[in-house]
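Since the structure comes first, as structure tokens, the remarks are kept for the end.
Residue numbers (the numbering used here): 2 to 179.
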């Protein structure tokens, strides 16, 4: 029996104590996750080096003047132009959409440079237009299509793939003379 003035004490937690402990546990969990995220973002990361590989695209006689050839696996076009051979990325420099070759569209190249007055690259996402050289002539793209290094090994066309090289225009070092 309890004496008067004394209250019987229950065993266990009161509702208030349970909720207080629950809130502190939740706050501790959130703080732990935030701390782990901050530590992870500050931790130095080993960046994998870009693979530098080369592949034989074919022989020179396989590439017709003015008709770019798509290499899907390597995500590049190889274009034979009067000055030689040039390879560039299939990704639009605006937002990275695939840029298809449109053989029947009006050409944006210099008049008389190619036999046909047709053919250009059109980005279907936002309307950027590129020449056979991958040079931007219209649309929101900030620069020409990125290019890949090309070399000739006899009559074989060898393209170095990995990370494409950004460019601001066409320079002689981007085109391999044939």
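C-beta atoms are modelled at their ideal positions from N, C-alpha and C, and glycine is treated no differently. These numbers come from a predicted model, not from an experiment.
Return the first residue and the last residue of the beta strand (DSSP E) that residue i is part of.
{"i": "residue 132", "result": "Unbroken run through residue 132: none, as it is neither H nor E."}
{"i": "residue 168", "result": "Unbroken run through residue 168: none, as it is neither H nor E."}
{"i": "residue 177", "result": "Where residue 177 is concerned, there is no enclosing beta strand (DSSP E), given that its DSSP letter is neither H nor E."}
{"i": "residue 119", "result": "119–123"}
{"i": "residue 56", "result": "54–60"}
Are residue i and residue j touching if we call contact CB-CB under 8 Å?
{"i": "residue 59", "j": "residue 179", "result": "no"}
{"i": "residue 176", "j": "residue 147", "result": "no"}
{"i": "residue 149", "j": "residue 77", "result": "yes"}
{"i": "residue 128", "j": "residue 140", "result": "yes"}
{"i": "residue 88", "j": "residue 171", "result": "no"}
{"i": "residue 123", "j": "residue 101", "result": "yes"}
{"i": "residue 99", "j": "residue 79", "result": "no"}
Looking at the secondary structure, which residues open and close the alpha helix (DSSP H) in which residue i lies?
{"i": "residue 148", "result": "Not the alpha helix (DSSP H): residue 148 falls in the beta strand (DSSP E), residues 148–154."}
Tell me the DSSP secondary structure of residue i in three-state form.
{"i": "residue 16", "result": "helix"}
{"i": "residue 139", "result": "strand"}
{"i": "residue 159", "result": "strand"}
{"i": "residue 31", "result": "helix"}
{"i": "residue 25", "result": "helix"}
Leaving out five residues on either side along the sequence, give the residues of the same chain with a beta carbon under 8 Å from the beta carbon of residue i.
{"i": "residue 144", "result": "94, 137, 167, 168, 169"}
{"i": "residue 104", "result": "68, 119, 120"}
{"i": "residue 96", "result": "126, 127"}
{"i": "residue 34", "result": "none"}
Spatial neighbours of residue i within its chain, please: CB distance less than 6 Å, with the 5 preceding and 5 following residues excluded, ordered by chain position.
{"i": "residue 159", "result": "55, 57, 152"}
{"i": "residue 75", "result": "162"}
{"i": "residue 66", "result": "81"}
{"i": "residue 142", "result": "93, 94, 95, 129"}
Got a sec? Which residues, its chain only, sit under 7 Å from residue i by beta carbon, not counting five neighbours each side?
{"i": "residue 61", "result": "156, 158, 179"}
{"i": "residue 109", "result": "121, 130, 132, 138"}
{"i": "residue 72", "result": "58, 79"}
Chain B beta carbons: is any one of them nearer than 8 Å to that of residue i?
{"i": "residue 105", "result": "Absent from the structure: chain B. Only one protein chain is present."}
Practice prompt. Kindly provide the ranges of any beta strand (DSSP E) runs that are 3 or more residues long and lie completely inside the region 67–109, ordered along the chain.
Written response: 70–72, 77–82, 85–90, 102–107
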